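For reference, each letter of the sequence shown is one residue, going 386 to 682 in the numbering used here. Ideal Cβ positions, reconstructed from N, Cα and C, are used throughout, including at glycine. Here the structure is a predicted model, which is why all the values come from computation and not from measurement.
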Amino acid sequence: MSEQAGSPVVVGIDGSRAALDAARWAAGAAVRLGAPLLLAHTYPDEATFYNGTAMMIDAQFIQELREDGNTMLDAATAAALQDHPGLAVERDVRSGTAASHLIELSRAARIVAVGAQGAGAVTDYLLGSTVLRTVNHAHSPVAVVRGAPAPASPDARPIVVGVDGSQVSEKAVEEAFALASAFGVGLDAVHAWSGEKQHGLAHASKYVDWAAYEEGEKAVVSECLAGARDEYPDVPVTEVATQGASADVLLRHAATAQLLVVGSHGRGKVMGALLGSVSQNLVHHAPCPVLVCRTRQ
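Following this line, the structure appears as structure tokens:
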């Protein structure tokens, strides 16, 4: 991660409790990474209020919105410094849309953190558009900070990373090792593989050497971790290869983790439009913060 040395951990602030939780989590991550914390707030502009028409908003009202934003950032700064008084905290206040603001800042960010809304049938089913757009299109890894409550600082629990042998998961493995090393914790590398029912082999299962198949799936994990293990020999690793649906398996392991790291496809017109089904499930339902990674472009 040397190319990202000095890059800030960015967190979106909107005055919500979830944003303050994200600020506290981001502050702890920034301290461990040796990075500054950048608090970002976006207030509406003319286009936001009037759907792109040329109507003018009273300048005094715009000024009040800007001042309200700075008040929110004051509260977020206090929350971040409560646990980490020596942390360098910067701020970026501008007009526009929050997702566009965070995506632009992600070009130079180490991580962008956003707060998930509280639990509930609606909020668990559909996260806010700012969160999803940021996750789908940011240039840096994006942490969706969820959990009740999110820890203010990294603790002794492991980091869990999803591994599937694809190029998509390579970035997740790289980020997970770097964070585990910075946090001083272990890493659980989890790979879920499909069994006879998923492959439609229920009637032919007696002809399949499932023990050999499972050994092959375990080898996938070891192969994916080899390079990163050499780079981060200080990180203790537990390899897990188990049969089951990927999202279900990762959610089980996330129950005892402080962070879940997963990969995502690039930002093309099609692939960048939506998260994959597994990543989307985890972002909506994980009991801990979720870091979604993709290759920088």
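(message) Which same chain residues end up closer than 8 Å to Leu-458 when comparing Cβ atoms and leaving out the 5 residues on each side of it in sequence?
(response) To locate residue 458, count along the sequence shown from 1; it is residue 73. These residues qualify, in order along the chain: Ile-398, Leu-424, His-426, Arg-476, Val-478.
(message) In whole angstroms, give me the CA-to-CA distance for Ala-632 and Leu-450.
(response) Your numbering for residue 632 matches position 247 in the sequence shown. Your numbering for residue 450 matches position 65 in the sequence shown. Between Ala-632 and Leu-450, the C-alpha separation is close to 41 Å.
(request) Look at the alpha carbon of Ala-484 and the alpha carbon of Thr-519, and state the distance between them as a whole number of angstroms. (result) The count along the sequence shown starts at 1 and reaches residue 484 at position 99. The count along the sequence shown starts at 1 and reaches residue 519 at position 134. Looking at the two C-alpha atoms, the distance is approximately 5 Å.
(request) Could you tell me the boundaries of the alpha helix (DSSP H) in which Gln-552 lies? (result) On the sequence shown, residue 552 is found 167 positions in, with the first residue counted as 1. 552-568 is the span of the alpha helix (DSSP H), which, as asked, contains Gln-552.
(message) Can you tell me where the alpha helix (DSSP H) holding Leu-636 begins and where it ends?
(response) Here the question's residue 636 lines up with position 251 in the sequence shown. Per DSSP, Leu-636 belongs to the alpha helix (DSSP H) from 631-639.
(message) On a Cα-Cα basis, can you pick out the residue from Leu-636, Ala-567, Ser-554 that is closest to Val-677?
(response) One-based indexing of the sequence shown puts residue 677 at position 292. When the alpha-carbon of Val-677 is set against those of Leu-636, Ala-567, Ser-554, the nearest one is in Ser-554.
(request) In the DSSP assignment, find the beta strand (DSSP E) that holds Asp-477 and state where it starts and stops. (result) Residue numbering aside, residue 477 sits at position 92 when the sequence shown is read from its first letter. Per DSSP, Asp-477 belongs to the beta strand (DSSP E) from 474-480.
(request) Return helix, strand or coil for Val-548, following the three-state DSSP convention. (result) Here residue 548 corresponds to residue number 163 of the sequence shown, with the count starting at 1. Three-state result, Val-548: coil.
(request) Would you mind stating whether Leu-635 and Leu-667 have Cβ atoms separated by less than 8 Å? (result) Residue 635 sits at position 250 when you count from the first residue of the sequence shown. Residue 667 sits at position 282 when you count from the first residue of the sequence shown. Yes, Cβ-Cβ distance for Leu-635 and Leu-667 is below 8 Å.
(request) Using 10 angstroms around the beta-carbon of Gln-445, count the other beta-carbons present and answer buried if the total reaches 16, otherwise exposed. (result) Against the sequence shown, residue 445 aligns to sequence position 60. With fewer than 16 other Cβ atoms inside 10 Å of its own Cβ, Gln-445 counts as exposed.
(message) Suppose contacts are defined by Cβ-Cβ distances below 8 Å. Is Val-395 in contact with Ala-465 by that definition?
(response) For the purposes of this step, residue 395 is taken as the residue at position 10 of the sequence shown. For the purposes of this step, residue 465 is taken as the residue at position 80 of the sequence shown. In this structure, Ala-465 does not lie closer than 8 Å to Val-395 by Cβ.
(message) Spatial neighbours of Arg-637 within its chain, please: C-beta separation below 7 Å, excluding the five flanking residues on both sides.
(response) Taking the sequence shown and counting its residues from 1, one reaches residue 637 at position 252. So no residue of the chain qualifies.
(message) If the criterion is Cβ atoms closer than 8 Å, does the pair Gly-413 and Ala-537 meet it?
(response) Translated into the one-based positions of the sequence shown, residue 413 becomes position 28. Translated into the one-based positions of the sequence shown, residue 537 becomes position 152. The answer is yes: Cβ separation under 8 Å.
(request) Could you pull out every residue in the same chain whose Cβ sits closer than 6 Å to the Cβ of Ala-640, ignoring the five residues on either side in sequence? (result) For the purposes of this step, residue 640 is identified with residue 255 of the sequence shown, where counting begins at 1. If the five residues before and after Ala-640 are omitted, its C-beta is found closer than 6 Å to the C-beta atoms of Pro-672, all from its own chain and listed in chain order.
(message) One question on the structure: do Arg-614 and Gly-648 come within less than 8 Å of each other, judged by their Cβ atoms?
(response) Translated into positions along the sequence shown, residue 614 becomes position 229. Translated into positions along the sequence shown, residue 648 becomes position 263. Not a contact, by the Cβ cut-off of 8 Å.
(message) Assuming Gln-448 is part of the beta strand (DSSP E), what are its boundary residues?
(response) For this step, residue 448 is matched to residue 63 along the sequence shown. Taken as a continuous stretch (DSSP letters only), Gln-448 belongs to no beta strand (DSSP E), being part of the alpha helix (DSSP H) at 444-468.
(message) Among Pro-421, Ser-525, Thr-627, whose alpha-carbon lies nearest the alpha-carbon of Ala-596?
(response) In the sequence shown, counting from the first residue as 1, residue 596 sits at position 211. Closest by alpha carbon: Thr-627.
(request) Compare the Cα-Cα distances from Asn-521 to each of Ser-664, Leu-405, Ala-408 and report the closest residue. (result) The residue you call residue 521 lines up with position 136 of the sequence shown. When each option's Cα is compared against that of Asn-521, the closest is Ser-664.
(message) Quick check: the Cα distance between Asp-430 and Gly-612, rounded to an integer number of angstroms?
(response) For the purposes of this step, residue 430 is taken as the residue at position 45 of the sequence shown. For the purposes of this step, residue 612 is taken as the residue at position 227 of the sequence shown. In a straight line, the C-alpha of Asp-430 is about 47 Å away from that of Gly-612.
(request) Return the first residue and the last residue of the beta strand (DSSP E) that Asp-573 is part of. (result) Mapped onto the sequence shown, residue 573 falls at position 188. Asp-573 -> beta strand (DSSP E) spans 572-578.
(request) Pull up the CB-CB distance for Ala-501 and Ala-604, whole angstroms please, since I reckon it's below 8 Å. (result) By 1-based counting over the sequence shown, the position of residue 501 is 116. By 1-based counting over the sequence shown, the position of residue 604 is 219. Between Ala-604 and Ala-501 the Cβ distance is about 35 Å, and since that is not below 8 Å, they are no contact.
(message) Please state whether the Cβ-Cβ distance between Asp-619 and Ser-579 is less than 8 Å.
(response) As a working note, residue 619 is residue 234 in the sequence shown. As a working note, residue 579 is residue 194 in the sequence shown. No.
(message) Helix, strand or coil for Ile-398? Go by DSSP, reduced to three states.
(response) By 1-based counting over the sequence shown, the position of residue 398 is 13. Ile-398 falls in the coil class under three-state DSSP.
(message) Given this structure, state the Cα-to-Cα distance separating Ser-525 from His-670, to the nearest angstrom.
(response) In the sequence shown, residue 525 corresponds to position 140, counting from 1. In the sequence shown, residue 670 corresponds to position 285, counting from 1. Rounded to whole angstroms, Ser-525 to His-670 spans 22 Å at the Cα level.
(request) Determine the extent of the beta strand (DSSP E) in which Ala-498 is found, giving its start and end residues. (result) Here residue 498 refers to the residue found at position 113 when the sequence shown is read from its first residue. Segment 496-500, the beta strand (DSSP E) holding Ala-498.
(message) Out of Ser-662, Val-499, Gly-471, which one is the CA nearest neighbour of Ala-530?
(response) For the purposes of this step, residue 530 is identified with residue 145 of the sequence shown, where counting begins at 1. Note that residue 530 corresponds to Val in the displayed sequence, not to Ala. Comparing alpha-carbon positions, the option among Ser-662, Val-499, Gly-471 lying closest to Val-530 turns out to be Val-499.
(request) Pick helix, strand or coil for His-524, following the three-state DSSP scheme. (result) As a position in the sequence shown, residue 524 is number 139, starting the count at 1. It is coil, neither helix nor strand.
(message) Just verifying my parser: in three-state terms, what is the DSSP assignment at Ala-541?
(response) Counting from 1 along the sequence shown, the entry for residue 541 is found at position 156. Coil.
(request) Using the Cα positions of Gln-448 and Thr-462, report the straight-line distance between them to the nearest angstrom. (result) In the sequence shown, residue 448 corresponds to position 63, counting from 1. In the sequence shown, residue 462 corresponds to position 77, counting from 1. Going by the C-alpha atoms only, they are around 21 Å apart.
(message) On the DSSP bridge list, what partners appear for Leu-379?
(response) No answer is possible for residue 379: the residues shown for the chain start at 386 and end at 682.
(request) Would you check if the distance between the CB atom of Leu-422 and the CB atom of Val-474 is smaller than 8 Å? (result) On the sequence shown, residue 422 is found 37 positions in, with the first residue counted as 1. On the sequence shown, residue 474 is found 89 positions in, with the first residue counted as 1. Yes.
(request) Name the residue from Leu-517, Val-606, Tyr-617 whose alpha carbon lies nearest to the alpha carbon of Glu-560. (result) Locating residue 560 in the sequence shown gives position 175, where the first residue counts as 1. When only C-alpha atoms are compared, the closest one is Tyr-617.
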